[in-house]
Amino acid sequence: MLSLPPNGVVKGHGTGNDFLLLADPEGALALTEADVAALSDRHRGLGADGVIRAVRSSAIADGASLLEEHPEAVWFMDYRNADGSLAEMCGNGIRVFVEFLRAEGLLDAEDGDVVPVATRAGVLPVRIETDRYAVDMGRWSAPGGAEALEAGFDASVGVAGLDSPRPGLRLALPNPHVVVALEDVAQLESIDLTKPPRVDPLGEGGTNVELVVALGEQRFDADGTPNAEGERVVGIVRMRVHERGVGETLSCGTGACAAALAVRAWAGAGAPDEWLVLVPGGQLQVRVLPEDHVELSGPAELVARAISM
Ligand SMILES: N[C@H](CCC[C@H](N)C(=O)O)C(=O)O
5 MLSLPPNGVV
15 KGHGTGNDFL
25 LLADPEGALA
35 LTEADVAALS
45 DRHRGLGADG
55 VIRAVRSSAI
65 ADGASLLEEH
75 PEAVWFMDYR
85 NADGSLAEMC
95 GNGIRVFVEF
105 LRAEGLLDAE
115 DGDVVPVATR
125 AGVLPVRIET
135 DRYAVDMGRW
145 SAPGGAEALE
155 AGFDASVGVA
165 GLDSPRPGLR
175 LALPNPHVVV
185 ALEDVAQLES
195 IDLTKPPRVD
205 PLGEGGTNVE
215 LVVALGEQRF
225 DADGTPNAEG
235 ERVVGIVRMR
245 VHERGVGETL
255 SCGTGACAAA
265 LAVRAWAGAG
275 APDEWLVLVP
285 GGQLQVRVLP
295 EDHVELSGPA
305 ELVARAISM
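Residue numbers 5 to 313, in my numbering, belong to the letters of the sequence shown in order.
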């Protein structure tokens with residue numbers, strides 16, 4: 005078993021997408037894929053969807069140039085999937101990451117502050133709100149370009165429990181996602197995600213797969229009070245996800261962004277910019293911003309600390 009850092013490892017989650025977080029300010033911990041898989045094992049280890057290491061940006065390989073451009077991005081989020089593979093970004097994880105830094109006394113920040121976090125997807129601003137975090141996830145893109153967005157689909161996805169492959173839309177957040185529309189919630193609940201969906205074309209790094217059902221729109225007042233005449237229109241999506249390097253998870257932040265972006269593309273002109281994504285582990289908010297940016301907001305909770313034997 006990995007010899008954990010002096011403060012042990014903290015378990016946290018964002019809408020049920022759970023992580024083990026380690027403080028490694030000087031980058032002294034050489035985490036191997038086997039270490040991450042052992043830690044993430046839900047029977048022989050502590051169990052998690054991913055492992056997140058907090059390293060000072062000054063201690064990572066290209067830290068000097070990163071800090072030259074972003075001197076305020078003091079912390080780097082090193083996210084690994086449960087199987088030990090690297091991923092470019094983790095939308096639920098970055099919220100839990102900031103909550104962890106604050107709880108460990110590694111970051112002095114309060115409600116209203118914006119904390120820039122260095123990630124493999126660039127430096128992303130995380131805004132602290134009273135009971136949640138809002139992250140500008142940066143620019144999203146469609147690997148199939150405008151043509152794919154226009155057509156609505158550029159992949160074929162076979163899912164256990166469905167009689168035939170379904171069309172899917174590839175999106176990058178920047179980690180890879182394919183979003184598949186299903187008929188209704190009953191069908192969404194009936195599919196078997198214990199096996200990875202069969203995606204064609206499948207990029208060499210694999211992909212996360214979101215199965216979604218669009219549930220229409222709801223109207224709210226500016227303060228969020230439900231009001232059928234309200235001026236705020238919010239699209240509602242139900243989602244399940246099979247994550248690359250993990251399997252089915254209760255939630256996926258980048259996946260929720262992909263789901264909202266896909267349903268918005270399929271809805272065409274006039275579709276809302278605000279989305280509520282209902283995942284098995286809770287609810288996430290997605291806001292489509294100008295210049296192809298997308299914002300994810302949701303809760304972050306720390307559960308317990310474990311130390312080495
Ligand atoms: N759970 C993460 C996504 C991890 C994606 C990872 N499975 C990949 O290989 O891209 C999230 O909340 O965004």
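Beta carbons are placed, not taken as given, at the ideal position from N, Cα and C, and that holds for glycine.
Exercise for the section: Pull up the distance between the alpha-carbon of Glu-299 and that of Leu-166, whole angstroms please. Expected result: To locate residue 299, count along the sequence shown from 1; it is residue 295. To locate residue 166, count along the sequence shown from 1; it is residue 162. Rounded to whole angstroms, the separation of the alpha carbons of Leu-166 and Glu-299 is 32 Å.
Handout entry: Cβ-based neighbour list, Ala-176, same chain, cut-off 7 Å, excluding 5 preceding and 5 following
Key = As a working mapping, residue 176 is identified with position 172 in the sequence shown. Taken in chain order, the residues that qualify are Trp-144, Ser-145 and Pro-147.
Problem - Close Cβ partners of Ala-320 (< 6 Å) along its chain, the five nearest in sequence each way excluded - result: The structure shown does not extend to residue 320, since the chain is modelled only from 5 to 313, so the question has no answer here.
Practice task
Assuming Ala-260 and Leu-288 form a contact by the criterion Cβ under 8 Å, report the distance between their Cβ atoms to the nearest whole angstrom.
Solution key: What you label residue 260 is simply residue 256 of the sequence shown in a count that begins at 1. What you label residue 288 is simply residue 284 of the sequence shown in a count that begins at 1. Yes, they are in contact, since the Cβ atoms of Ala-260 and Leu-288 sit about 4 Å apart, within 8 Å.
Problem - Through-space distance from Arg-60 to Asp-66, alpha-carbon basis - result: Taking the sequence shown and counting its residues from 1, one reaches residue 66 at position 62. Taking the sequence shown and counting its residues from 1, one reaches residue 60 at position 56. Cα-Cα distance, rounded: 11 Å.
Practice task
Over the uninterrupted alpha helix (DSSP H) stretch that includes Glu-73, give me the two end residues.
Solution key: The residue you call residue 73 lines up with position 69 of the sequence shown. Unbroken alpha helix (DSSP H) run through Glu-73: 67-73.
Exercise for the section: Measure the beta-carbon distance from Leu-25 to Pro-9 and round it to whole angstroms, keeping in mind my assumption that it falls under 8 Å. Expected result: Translated into positions along the sequence shown, residue 25 becomes position 21. Translated into positions along the sequence shown, residue 9 becomes position 5. Contact between Leu-25 and Pro-9 does not hold, since the beta-carbon distance rounds to 10 Å and is not under 8 Å.
Handout entry: Residues near Asp-135 by beta carbon distance below 6 Å, same chain, minus five either side
Key = By 1-based counting over the sequence shown, the position of residue 135 is 131. Taken in chain order, the list of residues that qualify is empty.
Exercise for the section: Using alpha carbons as the reference points, say which of Glu-103, Leu-90 and Trp-79 lies closest to Val-14. Expected result: As a working note, residue 14 is residue 10 in the sequence shown. Considering only alpha carbons, the answer is Glu-103.
Practice task
Identify, in the order they occur along the chain, each residue of the same chain with its Cβ nearer than 6 Å to the Cβ of Asp-196, setting aside the five sequence neighbours on each side.
Solution key: Position 192 of the sequence shown holds residue 196. For Asp-196, where only same-chain residues beyond five positions count, the Cβ hits under 6 Å are Ala-164 and Gly-165.
Practice task
Using 7 Å as the cut-off, classify the Cβ of Gly-97 as near or not near the heavy atoms of ligand 1, replying yes or no.
Solution key: Numbered from its first residue, the sequence shown carries residue 97 at position 93. Answer for Gly-97: yes, Cβ within range of ligand 1.
Practice task
For the beta strand (DSSP E) holding Trp-144, just list the boundary residues, first then last.
Solution key: As a position in the sequence shown, residue 144 is number 140, starting the count at 1. No beta strand (DSSP E) holds Trp-144; DSSP gives it neither H nor E.
Exercise for the section: Since I believe Ala-262 is in contact with Arg-268 (beta carbons under 8 Å), could you give me their beta-carbon distance rounded to a whole number of angstroms? Expected result: Looking up residue 268 in the sequence shown gives position 264. Looking up residue 262 in the sequence shown gives position 258. That pair is no contact at about 11 Å.
Practice task
Would you mind stating whether Met-93 and Asn-179 have Cβ atoms separated by less than 8 Å?
Solution key: Numbered from 1 along the sequence shown, position 89 holds the residue referred to as residue 93. Numbered from 1 along the sequence shown, position 175 holds the residue referred to as residue 179. In this structure, Asn-179 lies closer than 8 Å to Met-93 by Cβ.
Exercise for the section: Scan the segment 73-141 and note each continuous beta strand (DSSP E) run of 3 residues or more that stays entirely inside, going in chain order. Expected result: Fully enclosed beta strand (DSSP E) runs of 3 or longer: 79-85, 118-123 and 126-132.
Problem - Three or more C-beta pairs below 8 Å linking the segment 82-91 and the segment 25-43 - result: These segments touch.
Handout entry: Exposed unless 16 or more other CB atoms sit within 10 angstroms - verdict on Asp-45
Key = Along the sequence shown, one-based indexing puts residue 45 at 41. Answer is exposed; the Cβ neighbour count stays below 16.
Exercise for the section: From the DSSP output, in three-state form, read off Asp-39 for me. Expected result: Counting from one through the sequence shown, the residue named residue 39 turns up at place 35. If DSSP states are grouped into helix, strand and coil, Asp-39 belongs with the helices.
Handout entry: Own chain residues within Cβ distance below 8 Å of Glu-305, not counting five before or after
Key = For the purposes of this step, residue 305 is taken as the residue at position 301 of the sequence shown. The answer, listed in chain order, is Gly-16, His-17, Gly-18, Val-100 and Glu-103.
Handout entry: Beta-carbon separation (whole angstroms), Leu-254 vs Gly-20, contact threshold 8 Å
Key = Stepping through the sequence shown from its first residue, residue 254 is reached at position 250. Stepping through the sequence shown from its first residue, residue 20 is reached at position 16. About 3 Å; that satisfies the 8 Å criterion.
Practice task
Pick helix, strand or coil for Ser-312, following the three-state DSSP scheme.
Solution key: Looking up residue 312 in the sequence shown gives position 308. Coil at Ser-312, not helix or strand.
Exercise for the section: Give every residue of the same chain whose Cβ lies closer than 6 Å to the Cβ of Asn-212, excluding the five residues on either side of it in the sequence, and list them in chain order. Expected result: Taking the sequence shown and counting its residues from 1, the one referred to as residue 212 is at position 208. The beta carbon of Asn-212 sits closer than 6 Å to the beta carbons of His-181, Glu-247, Arg-248 and Gly-259 from its chain, once the five residues preceding and following it are set aside; these are given in chain order.
Problem - Beta-carbon proximity of Leu-186 to Leu-206, cut-off 8 Å - result: Indexing the sequence shown from 1 puts residue 186 at position 182. Indexing the sequence shown from 1 puts residue 206 at position 202. Taking 8 Å as the Cβ cut-off, Leu-186 and Leu-206 do not qualify as a contacting pair.
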